[in-house]
Structures are given as structure tokens and as C-alpha cells.
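*Asks:*
In my numbering, the protein residues as written are 1 to 102.
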């Protein structure tokens, strides 16, 4: 079992200009909101320990990736105060593999 917490990170850097020594944001940065990822791996040696069967299941929690502009400058995603740019649900992935050593 593998757990990872992805923190808030910049996805696209915005732009703006300086006017009288003050920065005016014309297009704010786009952030990805924090999310949790849980993966699972199970492996079993078989055939005199020369072969191995592996099952991998990724993204068990199937958390959404939310991309937003922090309009209210709170440092976290707020549906009421921030601009949602995109929301992606990647889904779970499952793989089964077999390996053999000669």
C-alpha cells in the first residue's frame, strides 16, 4: 500500500505588469489543488521462485484534480471565491504482470 498527498502546486504561471512599483495581476497563476493518491501492489513468487506474478492497482481513491485561479488569495481552493479552470478525474488503473528469470 502506498499513500501520497500531493500538495498545492502551480500548473501555469500567470502574468501581469508593474505600475508605480506595484504588481498588477492581469491573469493569475493556475494552481492544482491538493489531493490524495492511494496505490496498491501485490506480488507472489511462483514456480521455484523463478517467476513472479504482480497485481497493481493505482489511484484507488480516484480523487479529482482541480485546477483553479486563487482569486480570493486564501492559499486554498474555495468554490465560492476562486475561479475553477478545469476538473479532471483520472480514474483507477489496474495491471497484472508476469515475470520469469532464466
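For each residue, glycine too, the CB sits at the ideal point set by N, CA and C.
Assign residue 82 to buried or exposed, taking buried as 16 or more other Cβ atoms, counted over all protein chains shown, within 10 Å of its Cβ.
*Replies:* buried
*Asks:* Measuring CB to CB, does residue 3 end up less than 8 Å from residue 55?
*Replies:* No, these two residues do not count as a Cβ contact at 8 Å.
*Asks:* Do the CB positions of residue 74 and residue 35 come within less than 8 Å of each other?
*Replies:* no
*Asks:* When DSSP builds the beta bridges, which residues end up paired with residue 18?
*Replies:* DSSP lists 23 as partners of residue 18.
*Asks:* Using CA atoms only, rank isn't needed, just tell me which of 80, 21 and 62 is closest to residue 40.
*Replies:* 62
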